[in-house]
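The next block holds one structure in the form of structure tokens; read it before the comments.
What follows is the structure, encoded as structure tokens:
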């Protein structure tokens, strides 16, 4: 049996009897995905169009109207296309003219880098039906059933598969690749009928004939690594569903599509392959940006060499060495083997948090870390935090999620050197030690780990460790607003962040706005930062616990909430001035929640005024005549479980900050509950809100008059604003699984590069994947 196979940068013929691989096309400016044929031509997806290559070269092509073609199939003189980027199924005639379109949803597949569509990737006609596979990003995949040739929707079949691809219709049942699980899934029974047996392997691409099912094999990895990873193929007996043979294609890239060249392919159109035209396909290389000539390894044999296959794949092995191996290739192959071994083993992540930001920092850890334990390529997660910095219930929740929590303390019996706790009133938020303590603590808590992740690198030095370090620079607020720390401390922070950028193997930020700020401050060094958006709804459990009835009874019937703290950049001062000028403030009182905000409440004890900022805000509230009877209330710091219900019970939420790092958790929570938002008109919030359909009441955070006008506009048009916010609840948003997968891609990449001694260039880091879901 011979198969025609596509990978990101190759199209090749694989002979399962001899094991030989013959390259047809190598290199591409668009990548190779969909593949089909008719009697007189091969058809191959080329990014925004499909090209037909027949005798003598290019025969025809569709209009360049598509946004990433994936699965394609020639059916009864028509071409059916899964136009993934536009979230639609399209039908074209022989000349490339559009005959029909069916949109699976209202949006395109991606808005920016945020999943918004179904990621439809496969189409196949069987009898009077056309079947389409919807990957569905982080949600369970679906199979859409249409009539043929009218393309009318019959039914959407829900599945429990993840990142699904490819389809095989047989015996009144439908089988798809459960790509995330490395398995095959039967749609009607809801059962997995075959598995690769390893969590780091993916299934994608199927062909069925001669009593065998051929399944494409890929390694889970970020998109940047898919072009160099080993691909492969499993042959499975269709009667017993047992693996007969398994092959590895060294350095081929992950497998996208598999077609049977010899005989009837039950996963394809039943038309015999025009194999005599393969040379014409080679000759059309310029159409695809392919290489001018084939490399020395144009014909080579598969080799069972990566540890995942060696340990776990079933069936007999065909152990062959690639023909024409050079010393240079051997060195590259050895480095790649080490990389694959590291990725197969999984990363052991130490999350190093000697300073923990109250509120948002805790919410980030509680949302991200449980999701990270189940992310591809992550074997274990360990958290090191200051003693007393998290509540026992929060630590118990993390432990239940499989996270090992270690406390950093001043106990000289555990760590050398000296350390002191950092406190704000009664709240412990960090621990600071001398160099001996830092080195000792890192040595103890990092034992057995392969990468260190620092989610809050601010106001601390990069740890001294031989392990690769990844950090998330949350924002540049402490530098841009020196009044928070003082000029000298702000200058020290600027120098410190430069050292983090220079020292870390990878630096993550949560918005393009932060990248822009880093470039402004550090030039090209700031461009190395990778964006992982996580201004999304905190973990779903937040908000399920009920507030005590006596505290709930204190709330006014209607209120506008501001979830904040009293740092200068949060702009609480001007918000209070604006509320004092609001004529209807007693009907629309302002409720402040968050660390330090209790100081604006009349009667706050003098000892609670821990610093000048507390005293200042308390004085501002008194001078403006604001209090519970005149439009201002505060609850101070509240448990995480209260935040969701408090926002959900509000008439609106106001976010007055001068700057934020990646957006706003409170804004996201409000929009997810259908609560209207009043928001500072700053770049990062425009970036955040560009992914939401609900409108916001924008205002200039430097202008009290602008704030007052925005609040009055909300009140005057409240029904319209509330309806817009409610409709926005249906917006598709990333999940914490998506975010964790993006972080896992970064961690596994830097672990692998450190393991084989290869440095990642700045360009490589910039091109690292920004979308977490693996699969195409």
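Residue numbers (my numbering): 227 to 1002. From the three backbone atoms N, C-alpha and C, an ideal C-beta is built for every residue, glycine too.
Under the three-state DSSP convention, the category residue i falls into
i: residue 239; result: strand
i: residue 218; result: Any question about residue 218 goes unanswered here, given that the chain covers just 227 to 1002.
i: residue 649; result: strand
i: residue 962; result: helix
i: residue 428; result: strand
i: residue 399; result: strand
i: residue 498; result: coil
i: residue 579; result: coil
i: residue 909; result: helix
i: residue 298; result: strand
i: residue 386; result: coil
i: residue 629; result: coil
i: residue 726; result: helix
i: residue 585; result: coil
i: residue 259; result: coil
i: residue 245; result: coil
i: residue 444; result: strand
i: residue 919; result: coil
i: residue 739; result: helix
Inter-residue spacing [alpha-carbon to alpha-carbon] between residue i and residue j
i: residue 509; j: residue 700; result: 51 Å
i: residue 681; j: residue 697; result: 6 Å
i: residue 733; j: residue 891; result: 21 Å
i: residue 390; j: residue 406; result: 7 Å
i: residue 780; j: residue 773; result: 11 Å
i: residue 717; j: residue 705; result: 7 Å
i: residue 889; j: residue 909; result: 9 Å
i: residue 817; j: residue 708; result: 28 Å
i: residue 241; j: residue 423; result: 25 Å
i: residue 757; j: residue 751; result: 15 Å
i: residue 686; j: residue 610; result: 15 Å
i: residue 366; j: residue 810; result: 47 Å
i: residue 956; j: residue 789; result: 23 Å
i: residue 944; j: residue 916; result: 22 Å
i: residue 362; j: residue 961; result: 12 Å
i: residue 760; j: residue 455; result: 28 Å
i: residue 946; j: residue 813; result: 19 Å
Contacts around residue i, its chain only, beta-carbon distance under 8 Å, and the 5 residues preceding and following it disregarded
i: residue 518; result: In this prediction, residue 518 has a pLDDT of 43, which is less than 50 and means its spatial position is unreliable; what the coordinates show is noted afterwards. 511, listed in sequence order.
i: residue 936; result: 904, 923, 924, 925
i: residue 334; result: 293, 311, 312, 313, 342, 343
i: residue 930; result: 800, 803, 804, 807
i: residue 412; result: 399, 400, 401, 418, 419
i: residue 646; result: 636, 657, 658, 659
Per DSSP, the bridge partner or partners of residue i
i: residue 280; result: 267, 283
i: residue 944; result: In the DSSP output, where bridge partners are listed per residue, residue 944 has none listed.
i: residue 756; result: 734
i: residue 612; result: 634
i: residue 409; result: 404, 421
i: residue 599; result: Paired residues: none, contrary to the question.
i: residue 230; result: 239, 485
i: residue 439; result: 434, 462
i: residue 368; result: 360, 384
i: residue 272; result: 275
i: residue 309; result: 295, 314
i: residue 304; result: 301
i: residue 903; result: 879
i: residue 574; result: 606
Close beta carbons around residue i, own chain, < 6 Å, minus the five adjacent residues each side
i: residue 297; result: 260, 308, 347, 348, 349
i: residue 652; result: none
i: residue 843; result: 792, 825, 826
i: residue 887; result: 700, 701, 736, 740
i: residue 860; result: 818, 823, 824, 826, 827
i: residue 986; result: Unreliable placement is indicated for residue 986, whose pLDDT of 28 sits below 50; no coordinate value is reported for it.
Test: residue i CB closer than 7 Å to a CB of chain D
i: residue 623; result: Considering every chain present, this structure includes no chain D. It has just one protein chain.
Own chain, CB closer than 7 Å to residue i, minus 5 neighbours either side, in chain order
i: residue 488; result: 227, 228
i: residue 560; result: With a pLDDT of only 46 at residue 560, under 50, the local geometry of the prediction cannot be trusted, and no value is derived from it.
i: residue 665; result: 690
Q: Entirely within the region 646-711 and at least 4 residues each: give me those alpha helix (DSSP H) ranges in chain order.
A: Inside the region 646-711, DSSP marks whole alpha helix (DSSP H) runs of 4 or more residues at positions 661-671, 703-706, from first to last along the chain.
**Q.** 3-residue-minimum beta strand (DSSP E) runs that sit fully inside the region 810-893, ordered along the chain
**A.** 816-819, 858-862, 878-881
Q: With a floor of 4 residues, list each alpha helix (DSSP H) that falls wholly inside the region 768-804, ordered by position along the chain.
A: Look at the region 768-804 and you find these whole runs of alpha helix (DSSP H), each 4 residues long or longer: 775-779.
Q: Ignoring anything shorter than 3 residues or poking outside the region 317-357, list the beta strand (DSSP E) runs there in chain order.
A: 324-329, 346-352
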